[in-house]
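Notes for the one structure printed next.
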Amino acid sequence: MTSLSDLPIRDDLRGREPYGAPQIQVPYALNTNENPYPPSPALVAALGKAVEEVAGGLNRYPDRDATVLRAELADFLNLDTPGAGLTGRQVWAANGSNEILQQILQAFGGPGRTALGFEPSYSMHPIITRVSGTAWVDAARDDDFGLDPARAVAAIEEHRPDVVFLTSPNNPTGTALDPAAVEAVLDAAPGMVVVDEAYAEFRRAGTPSALTLLPGRPRLIVTRTMSKAFAMAGTRVGYLAADPAVIDALLLVRLPYHLSAITQAVARTALAHRAELLGTVDALRAERDALVTWLRDLGLTVAASDANFVLFGHLPDRHRVWQTLLDHGVLVREVGPPGWLRVTIGTPTEMTAFRAALQAAL
106 MTSLSDLPIR DDLRGREPYG APQIQVPYAL NTNENPYPPS PALVAALGKA
156 VEEVAGGLNR YPDRDATVLR AELADFLNLD TPGAGLTGRQ VWAANGSNEI
206 LQQILQAFGG PGRTALGFEP SYSMHPIITR VSGTAWVDAA RDDDFGLDPA
256 RAVAAIEEHR PDVVFLTSPN NPTGTALDPA AVEAVLDAAP GMVVVDEAYA
306 EFRRAGTPSA LTLLPGRPRL IVTRTMSKAF AMAGTRVGYL AADPAVIDAL
356 LLVRLPYHLS AITQAVARTA LAHRAELLGT VDALRAERDA LVTWLRDLGL
406 TVAASDANFV LFGHLPDRHR VWQTLLDHGV LVREVGPPGW LRVTIGTPTE
456 MTAFRAALQA AL
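In structure tokens:
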């Protein structure tokens, strides 16, 4: 049998592990930050109708630039962040936010260039960075998982990165960034600044989006996804908002016809039914806040969360706790700093199962 080591792959890929959360069949899967509420029968019917309407034209290529979808995404962002004033010309969409990140690095990174992030953070940032041939620099977050503006600026001045990744709310910690930190980074960074807002719809009241900072800042990119709050993880649609010149740059590296006609139709249908899909967000926020209180009452340390998950510690043997939870049918994520675990907010039934399993594990 030929092994990977026998193939002439790039030297910088040797010894690396592919990304992926464990895919284990369990009664309660709380490890991938999905929205636990599936589409209603009425929405399923609407999705089926939308696919049926485009199915007769699948012998033709889709709209290469997804212009209608981008305009509708801009409309949604303007509702999410009043005053953003975005148009479809300022929005780009791709197959999940990971393809968005990949295109950004293809356009603004590459050999001889550097990207910087503040870890712990989304593990795909350094993975995609390195796969694109870009060097990765880890500038650590504060002990409370926040980001002190002065420390952030010092790291940027030291490394002069071509791309800076900020994540708010942050994965895996759930913490949102102080707008002052984002502005300080924007003022100091010599290249592009990417604010990853995959979990933005779950943020607490009063937590601003970086979309408010876009006017007059052509090097700022704000990324979003339909995989989380929109409960469309299987659709694979990510998008960004930025200056139109940024979209022009991404057009140079995108693959032709990268969003299928079916993907575009499903995403547009989801946006049309956003009241239903986002109607679960308040319940998930309340469940999150109740879980944070409960975990702290157990004597655990819990990171403040503006996302649909909670990071908790400090566990002397986190793998034993993880395994005990799994033995009780509850799968969480063994991620983040040593001694911490991350649990996705699920339905009340799922959270009851988690609480019972965690009490047994402790």
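In the working numbering, the protein residues as written are 106 to 467.
Using N, Cα and C, we set each Cβ at its ideal position, and we do this for glycine too.
Keep in mind that this is a model prediction, so the values were computed, not measured.
Where residue i falls: helix, strand or coil (DSSP)
i	result
Phe98	One cannot answer for residue 98 here, as it falls past the ends of the chain, which runs 106 to 467.
Met297	strand
Phe270	strand
Leu345	strand
Ala380	helix
Asp292	helix
Val399	A quick correction: the sequence has Trp, not Val, at residue 399. Reduced to three states, the DSSP call for Trp399 is helix.
Asp394	helix
Ala310	coil
Ile232	helix
Ile209	helix
Leu436	strand
Trp427	helix
Arg373	helix
Ile114	coil
Asp353	helix
Arg256	helix
Thr368	helix
Asp387	helix
Leu405	coil
Arg329	strand
Assigned exposure category for residue i - 16 Cβ within 10 Å defines buried
i	result
Ala466	buried
Gln208	buried
Pro216	exposed
Gln130	exposed
Ser110	exposed
Tyr482	In the structure as shown, the chain starts at 106 and stops at 467, and residue 482 therefore has no counterpart that could be examined.
Tyr166	exposed
Arg401	exposed
Arg308	buried
Gln128	exposed
Thr107	exposed
Gly162	exposed
Ala286	buried
Pro225	buried
Val386	buried
Asn164	exposed
Gly311	exposed
Gly214	buried
Ala347	buried
Cβ-based neighbour list, residue i, same chain, cut-off 8 Å, excluding 5 preceding and 5 following
i	result
Asn203	Met229, Ile233 and Gly343
Arg373	Ala155, Val173, Leu174 and Glu177
Ala350	Pro323
Val415	Gly279, Arg393, Leu396, Val397, Leu400, Val407, Ala408, Arg447, Val448 and Ile450
Leu118	Val236
Contact set for residue i: own chain, Cβ-Cβ below 6 Å, skip 5 residues either direction
i	result
Leu178	Val196 and Tyr344
Ile352	Trp197
Tyr133	Gly434, Val435, Glu455 and Ala458
Close beta carbons around residue i, own chain, < 7 Å, minus the five adjacent residues each side
i	result
Glu439	Arg423, His424, Trp427 and Leu446
Arg265	Pro295
Asn275	Ser226 and Phe250
Pro219	Per the sequence presented here, residue 219 reads as Thr, with Pro not at that position. Only Thr239, Ala240, Val242, His264, Pro266 and Asp267 meet the Cβ criterion.
Gln211	Ser237 and Val358
Pro254	Ala285, Ala286 and Ala289
Pro442	Pro225
Ile367	Val156 and Val159
Ala260	Leu221 and Ala244
Assumed close pair residue i, residue j - CB separation to whole angstroms, cut-off 8 Å
i	j	result
Ser314	Asp185	7 Å
Val290	Leu319	Rounded, the Cβ-Cβ distance is 14 Å, inconsistent with contact.
Leu135	Thr449	4 Å
Val299	Thr328	6 Å
Phe181	Leu376	6 Å
Asn138	Lys333	6 Å
Ala395	Gly279	Not really, about 15 Å apart at Cβ, beyond 8 Å.
Phe223	Leu252	6 Å
Gln369	Ala171	5 Å
Ala336	Leu382	5 Å
Arg379	Gly201	The Cβ separation is near 19 Å, so there is no contact.
Glu262	Ala293	6 Å
CB contact check: residue i to chain D, cutoff 7 Å
i	result
Leu345	Among the protein chains of the structure shown there is no chain D, as only one such chain exists.
### Query
In chain order, which continuous runs of the alpha helix (DSSP H) of length 4 or greater are located wholly inside the stretch 157-227?
172-185 and 201-213
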